[in-house]
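Student:
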Amino acid sequence: MNLPPLDGSPYQRFLGVCLIRAGQGVVEIRLPFREEFLRQDGSDWLHGGVIGALIDIAGDYAIAATTGVGVPTIDLRIDYLRPARRGDLIAIGRTVKVGRTISRADVEVRTAGGEVVAVGRGAYASPEQ
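Here the sequence shown stands for residues 1032 to 1160, where the numbers follow this note's numbering.
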């Protein structure tokens, strides 16, 4: 499987995301906790934008784990289920469908302890045939 490197993007390098595992149509990506990810000073909740970025990245890489190439996002839906508190987050992205023009992936974000904090679905432009 030939996945684009996660550190090939300046934004992904800034976030510090790392690939834990990848298989056909599935990826697991870790986001290490940083103080800069908190929603405000004195809070122990992470900003929703960081979680959204993690969902988008995991969805894209799930598609790439099927097609071998990264693809641009067309649409992204996120359901925040509970606050994500201080600590690493793990995103599990799974390809739902790779179509001729649009591909879809589902993503679940968990704390290091396994609690689900958010889910999302992304639509991505399919690679050119």
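C-beta atoms are modelled at their ideal positions from N, C-alpha and C, and glycine is treated no differently.
Only a predicted model underlies this, so the values are computations on that prediction, with no experimental measurement involved.
#1: Let me know if Tyr1092 comes out buried or exposed under the rule of 16 or more other beta-carbons within 10 Å of its beta-carbon.
#2: On a Cα-Cα basis, can you pick out the residue from Arg1061, Arg1052 and Asn1033 that is closest to Arg1044?
#3: In angstroms with no decimal places, state the Cα-to-Cα distance between Pro1063 and Ile1121.
#4: Would you list, in sequence order, the uninterrupted alpha helix (DSSP H) runs of no fewer than 4 residues that lie entirely inside the region 1065-1116?
#5: Within 10 Å of its beta-carbon, does Leu1077 have 16 or more other beta-carbons around it, so buried, or fewer, so exposed?
#6: Would you decide whether Asp1087 is buried or exposed? Buried here means 16 or more other CB atoms lie within 10 Å of its CB.
#7: Tell me whether the beta-carbon of Leu1107 lies closer than 9 Å to the beta-carbon of Val1150.
#8: Taking the alpha carbon of Ala1156 as the point to measure from, which residue in Glu1146, Phe1068, Glu1059 and Arg1135 has its own alpha carbon closest?
#9: Starting from the C-beta of Arg1052, find all residues in its chain whose C-beta is less than 8 Å away, skip the five residues before and the five after it, and write them out in chain order.
#10: Would you say Gly1047 reaches chain C, if we count a Cβ-Cβ gap shorter than 9 Å as a contact?
#11: Report all residues from its chain with a CB closer than 8 Å to the CB of Ile1082; omit the five preceding and five following residues, and keep chain order.
#12: Return yes when the Cβ of Leu1085 is within less than 9 Å of the Cβ of Val1127, no when it is not.
#13: Find the nearest neighbour of Gly1144 within the set Ala1089, Arg1117 and Leu1069, judged by alpha-carbon distance.
Tutor: So, to answer that:
#1: Position 61 of the sequence shown, counting from 1, holds the residue named residue 1092. Tyr1092 should be labelled buried.
#2: The residue given as residue 1044 occupies position 13 in the sequence shown. Looking at the Cα atoms, Arg1061 is the closest of the given residues.
#3: Position 32 of the sequence shown holds residue 1063. Position 90 of the sequence shown holds residue 1121. Each residue's alpha carbon lies about 9 Å from the other.
#4: 1079-1098
#5: Here residue 1077 refers to the residue found at position 46 of the sequence shown. Looking at its Cβ environment, which holds 16 or more other Cβ atoms inside 10 Å, Leu1077 is buried.
#6: Counting from one through the sequence shown, the residue named residue 1087 turns up at place 56. Burial call: buried.
#7: For the purposes of this step, residue 1107 is identified with residue 76 of the sequence shown, where counting begins at 1. For the purposes of this step, residue 1150 is identified with residue 119 of the sequence shown, where counting begins at 1. No.
#8: As a working note, residue 1156 is residue 125 in the sequence shown. Answer by Cα proximity: Arg1135.
#9: The residue labelled residue 1052 in the question sits at position 21 within the sequence shown. Contacts found: Val1058 and Glu1059.
#10: Considering every chain present, this structure includes no chain C. It has just one protein chain.
#11: Locating residue 1082 in the sequence shown gives position 51, counting from the first residue. Excluding positions up to five away in sequence, the list reads Ile1109, Tyr1111, Ala1115, Leu1120, Val1140, Val1148 and Ala1149.
#12: For the purposes of this step, residue 1127 is identified with residue 96 of the sequence shown, where counting begins at 1. For the purposes of this step, residue 1085 is identified with residue 54 of the sequence shown, where counting begins at 1. Not closer than 9 Å, so no.
#13: Against the sequence shown, residue 1144 aligns to sequence position 113. Ranking Ala1089, Arg1117 and Leu1069 by Cα distance to Gly1144 puts Arg1117 first.
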